[in-house]
Each structure stands twice: as structure tokens, then as C-alpha cells.
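The listed protein sequences derive, respectively, from chains F and Y. Here the first sequence is numbered in numbering that gives the first Met the number 0, starting from 0 and rising by one per residue. Here the second sequence is numbered in numbering that gives the first Met the number 0, starting from 0 and rising by one per residue. Glycine residues also receive a C-beta, built at the ideal position from the N, C-alpha and C atoms.
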Amino acid sequence: MPAVAIKASGLEKWFGEGEAKTIALRDVSVETEFGEMVYIVGPSGSGKTTLLSVLSGILKPNSGAVSVEGVDIWNLNADQLADFRLHKIGFVFQDFHLFPRLNTAENVAIPLILRKKDWNESIQQATKFLDIVGLKERADLPPMKLSGGEQQRVAIARAMVGQPDILIMDEPTASLDGDTGHTIVKFVHDNILTGNRCILVVTHDSRIYEFATRILKMEDGRLM
Amino acid sequence: MKGMLRLAYKLLVNDRAKFTALLVGITFAVFLMTFITSMFMGVLNHASATVINIGASMWVMDTSVQAITSSIGMPDYVLDAVRSMPGVEYAVPLYSGGALVKLPDGTYQAVTVVGLDDTSLFGRPTLIEGNIEDIYAENGFIVVADAEYAKMEKPHIGSEFELNDHRGVVVGVAKVTVSGLFGTPTLYTTYYRAVQYIPNPRYTISYVLVQPKSPSDIERIKEQVNQLGYLALTKDEFIQKNAAYYVFQTGGGTNILIMTLISFIVGLSVSGQTFYTFILENLERFGALKAIGTKNRGLVSMILFQAAFTALTGYGLGVGLCTVVICLAKLRLASYAAMIIYPSLLVSFVLVVIIAGLSSYVGVRRVLRIEPFDIFRG
């Protein structure tokens, strides 16, 4: 596995045209390595989430290139890109986006089910990951019966169940109180971050900065 | 794909309130569509009761006849001419007309009188009481024990009535395959007695019933009857002619079409709206699935599966409910005019597929439009 996990150069991204044009990224270049937990921080509207989306193959930049593990992801077609995300990247969304009509184990198993793995095997694997995040006993409960911190851990288990090389976390502490947020990120740092994995975290919560390998500051679409 | 469909299934059925609303909408629509068309088919079937019960292979009639009830008398020579045609095994006259009978309590009751050929009694009904030979007895009539039987005060063998100042005596009680549509009891007697008792115009033969020597003779007989200035139809063609009359000439067909369309629109509105709400409520989750790596065709498959599963379940429940209602109605009213036939089921199925298709189309459009980036942005 190459040491460089993500390499992006000359990223430009804008929304709208003419007077309504908003520039979100201005000539951003960034490189991350496996074993790193990289934070992208900055004020609201600085382009953190846009950068995260461009790096993870969700939002196409207007110019520039992104290479993940040596693959130029924006040269892939839509289906290849979807497959790439499914197999290489784990997402932890700010609002978790758990399915309230599925139980916790089924929620965690989703990436495996999408990879066409057998249902029962997927649930078994999901239960193992729930055990890792300390929620094995909650496997049969719907997510709505869990606390915010527990839901965040379910979201992390879902992101990790497919054992992706890259983990993307968008404002992981935004919906949690200070202590819970701190505990969750510490858990990720201690248990999920390995030498074969790169974690990108968008946050503006300075209380969790201690876990960062590197902090990238953004302002007005530029990396400072 | 199997796992994704199972996921779609769980997302659908675990949302019990929405799933129930969807099922109720589709079930109700299917029930109405099937019931309405079944009722109409039943009515059409009963409208051809005499044709079905008599069972003749071919019917010769005046060219102006629109339905079995509107027979136009034909002169006797038509019967003779048909009998002499090559390919005809035999031909007999049939009288079919309405009359008023005076019951023992002094009230009058409209009846349908069928006069069978005196010699052969061709088209005679199956007797459940009495002997068929007794129809030749003086004033002998056979009464059909159908849903209208009670209107003649449930007569039994020996019961008397008056028909156009002639005495009538019940000599037998019969059952028939299909009872009539028009709510009047049916009496069978001989052709001769029928035309003798009931005031008639100059020509008295309502229909000539024909038995061809072989099926290949049917076309030849039709041609010859046509040259004679009359019309010959097979049993099925006559049933179709009857049906066409009630569908196109009475407004019945238009009404059924309108009612079926209304049921369709009700089903589409309820199911479409509920399904759309279901999609909207899960839109962010579908977006999350897209972000995680689900392809568009995967999401489309999930939505189509959900729509198809709901539609088929609702279809089954609707048809089942319709069957139960019709069976219950037939337990109370033996001659209840409703019958579920394959074309009715097919029509309902096609309409429910359209409901599912349109409902899912709107949902699919929304889901395909959502960008995973929107999920990140919140």
C-alpha cells in the first residue's frame, strides 16, 4: 500500500455563475498519508465540507485532480466512482443518517449489503463491529432508542464495517455534548486509526484537536 | 441485489403506518375496480340467461334484434326454410316474451314466458320437482326456482295462477344455469300454449333454434339465413351481441368505465401521495446510501421493488376481498349478478401496475435528483 493516501492538487470549486458565483475552493493542494488523522478546520463557509466532498469522490471539482491510493478518482465514471466509495471510503455524517426503520445491526450492515454480501453474514459482521464500539447489546434496537453518542458510535461502526482505507468524518462532535464528543473521537483515534488507514475529520471543535496528527486550516476556500 | 431488495422491503414494511396506508389505498382501489367490472360482467351474463339456459348452438332471428329480450316475431316459413337448409340437423321454434300473471291473492306479477318446441322440448330446464312430460298436461307450466321464485308466492306443484284469463297450473319446479337479469320469475311451457295464452302480433316465432350437422356447416347456414333476410348467430356470438347492447346502447358500459376510472384515480391519489411522502421522508437516507456507494440503478431497483411489492400485495388483498364479498352476497342471494372473470382481474392488474409505476416514477425522480453532497451540507 502506498504511503500517500490522498493527493489533491490545484482544486477549484465554485457554485453558481455570474453575480451568484460563490468560490468554495481556490487552488487547494493537499496530501495525506496512511496512519494520519488529519483535521480540516476553519470558520463556517470556509470550504471545509466542500473539500471533504471533493476528496471523497462525492463532489466533482471544476478543476484540479484527486488521487486516492494512486487512482485518479475524477477520471472514473459514475458507477466506478460509486464502487470506489463503497469499497475504499467510510463516511460518518454529521447527522448520522441512520435508518430509523432498521435495527442497529442492520444499519451497520448496510455497506456490506450494498457490496452484495450475504444478509446473515453481513449482520454477523455488523454485530462484531457493534461489539468493537461497545454496542453489541443494542444490536436489535432501532437507532432512535439510542442516545446521541450511541448513534454516533453506530454511524462509526457502519463506516468501518467494510474496513475502508479512508474514513471521512464530518463534524463528528457537532450533535454531541462535549464529553461524549471527546470520548467518541478518542475512541476513533485509539481503535480505528491504524497504519493502513487515513482519517479525515472536518470540525470546528477545538476540544478534540489533541487527537489530530495534522491540522489543516481553511479560510475563504484556501488552505492556510 | 437480493440483499438490497431485502433492505428495501424492511424499510417499507417496518414503516407500518405508511405501509398500511399504501396497502389500504391499493386494496380499496383494486377492490372497487374488480368489483365494478365483476358486477358488470355478472349483469351481462344474466342478460344472456335465456341464451345460456336454452343452450342451442345457433339462433336465427330478425336482423333488427339487439338483445334477447327484444325479439321480433318471424313468420312460420322461416322455420320451414331453415329446416330445409343443407347442413341443418334440426331446427325448432322458440317463444320468448313477457306477460302478467294473476296470483291467487289477486295481485299481478310480471313474468318471462319461454315456449319450448312442442315436439322436442328442446332447451328444457333441469327439473328439481315434477316430470317433464307433465308440461303437456292441460295448462301446464314449469316454474324456475331462482331468486325471483318468491315473487310468485313460491309456487309448488299444483299451484294455480291466471295468465291472460287462462288458467295456469304449476307441473314442475326447475333450476337453470343462470337466472334472468330483469327481476321477473320465469315460466316454461310449450310453444303452442305460449302463443295461445299470450296476446301476440301476427308472427309468433321469437327465435329459431338450429343444430348444425357439424361445426363446419355453421358458416354455410349463416349465409343461407342471410340470403333469406334474417340473421343467424352462434350461441357465443349471440351472447356477445347481448353484451355489446348493454355495454354500448344502454350507457352501462360508459358508467362502468367512469366508475373504474374513478376507482383508479382514488387508488392513484392515495397510493401515489403516500408513496411520495414515504420517499420524501427517506430522501436523506437514500442520499446517504448514494454517498456510501449505491449506484442509481440500485436505488431505482429498491424503489421499484417497494412499489411492486405494495401493488402486488394490495392487488391480492383487493381481489381476495372482492371474492369474499361476492361469495357472501351469493350466500344470501343465489342469483347475485357478479362474476369475477380473468379479463376483470387483468384490467385491475394493469391499472394497479400503472398506479405502482406512476407512484414510483415520482419517487425515482426525486431520489435520482438528490446529490450526496446535499447530505454533507445538511
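Quick one: give me the first and last residue of the beta strand (DSSP E) that residue i is part of.
i        : result
F/Trp118 : F/Trp118 -> not in any beta strand (DSSP E); alpha helix (DSSP H) instead, spanning Trp118 to Ile131.
F/Phe90  : Ile88 to Val91
F/Asp26  : Thr21 to Glu32
Y/Ser37  : Note, Y/Ser37: premise wrong, no beta strand (DSSP E); alpha helix (DSSP H) at Arg15 to Ala46.
Y/Gln108 : Tyr107 to Leu115
F/Ser62  : Ser62 to Val67
Y/Phe140 : Gly139 to Val143
F/Arg196 : Element bounds for F/Arg196: n/a, residue is neither H nor E.
F/Arg213 : Arg213 to Glu218
Y/Ile127 : Thr125 to Gly129
Y/Phe160 : Glu159 to Leu162
Need the endpoints of the alpha helix (DSSP H) that residue i sits in, please.
i        : result
Y/Ser358 : Tyr341 to Arg368
Y/Thr68  : Counting along the chain, Y/Thr68 falls outside any alpha helix (DSSP H), and DSSP gives it neither H nor E.
Y/Ser270 : Gly251 to Glu280
Y/Ala80  : Asp75 to Arg82
Y/Tyr206 : That residue, Y/Tyr206, is in no alpha helix (DSSP H); its beta strand (DSSP E) goes Tyr206 to Pro211.
Y/Glu222 : Ile217 to Gln226
Y/Tyr190 : Tyr190 to Tyr196
Grab me the residues of residue i's own chain with a C-beta within less than 7 Å of its C-beta, minus the 5 sequence neighbours each way, in chain order.
i        : result
Y/Gly86  : Pro211, Lys212, Asp216, Arg219 and Ile220
F/Gly46  : Ala23, Leu24, Met217 and Gly220
Y/Val352 : Ala310
Y/Ser285 : Note on identity: in this sequence residue 285 of chain Y is Phe, with Ser being the wrong assignment. Excluding positions up to five away in sequence, the list reads Leu298, Val366 and Ile369.
Can you tell me whether residue i is helix, strand or coil according to DSSP?
i        : result
Y/Tyr418 : The structure shown does not extend to residue 418 of chain Y, since chain Y is modelled only from 0 through 377, so no value can be given for it.
Y/Ala173 : strand
F/Val40  : strand
F/Ala104 : helix
F/Met168 : strand
F/Asp226 : Lying outside 0 to 223, the shown extent of chain F, residue 226 of chain F is not represented and no answer is given.
F/Phe14  : strand
F/Ser146 : coil
Y/Pro103 : coil
F/Ser8   : strand
Y/Glu88  : strand
F/Ser52  : helix
Y/Met60  : strand
Y/Leu11  : helix
Y/Leu232 : strand
Y/Val299 : helix
F/Met223 : coil
Y/Glu152 : coil
F/His188 : helix
Y/Phe308 : helix
Y/Arg168 : One point to set straight first is that residue 168 of chain Y is Val, not Arg, in the sequence displayed. Y/Val168 falls in the strand class under three-state DSSP.
F/Asp94  : coil
Y/Thr185 : strand
F/Asp71  : strand
Y/Gly97  : strand
With a threshold of 8 Å on Cβ separation, who are the neighbours of residue i within its own chain once the five nearest residues in sequence on each side are excluded?
i        : result
F/Glu32  : Ala2, Val3, Ala4 and Cys197
F/Ile131 : Ala156, Met159 and Asn190
Does the Cβ-Cβ distance between residue i and residue j come in under 8 Å?
i        : j        : result
Y/Val100 : Y/Glu161 : yes
Y/Ser287 : F/Phe92  : The identity of residue 287 of chain Y in the sequence shown is Ala, whereas the question assumes Ser. Yes.
Y/Gly28  : Y/Thr273 : According to the sequence shown, residue 28 of chain Y is Ala rather than Gly. No, the Cβ-Cβ distance between Y/Ala28 and Y/Thr273 is not below 8 Å.
Y/Leu282 : Y/Val366 : yes
Y/Ala48  : Y/Ser205 : no
F/Ile183 : F/Arg152 : yes
Y/Gly122 : Y/Leu78  : no
F/Lys6   : F/Ser66  : yes
Y/Ala173 : Y/Thr125 : yes
Y/Val169 : Y/Val142 : yes
For residue i, I'd like the list of residues in its chain whose CB is within less than 6 Å of its CB, leaving aside the five on either flank, ordered along the chain.
i        : result
Y/Phe39  : Ile255
F/Leu192 : Met36 and Ile198
Y/Tyr89  : Gln210
Y/Val318 : Thr33
Y/His165 : Tyr196
Y/Phe304 : Leu4 and Ala7
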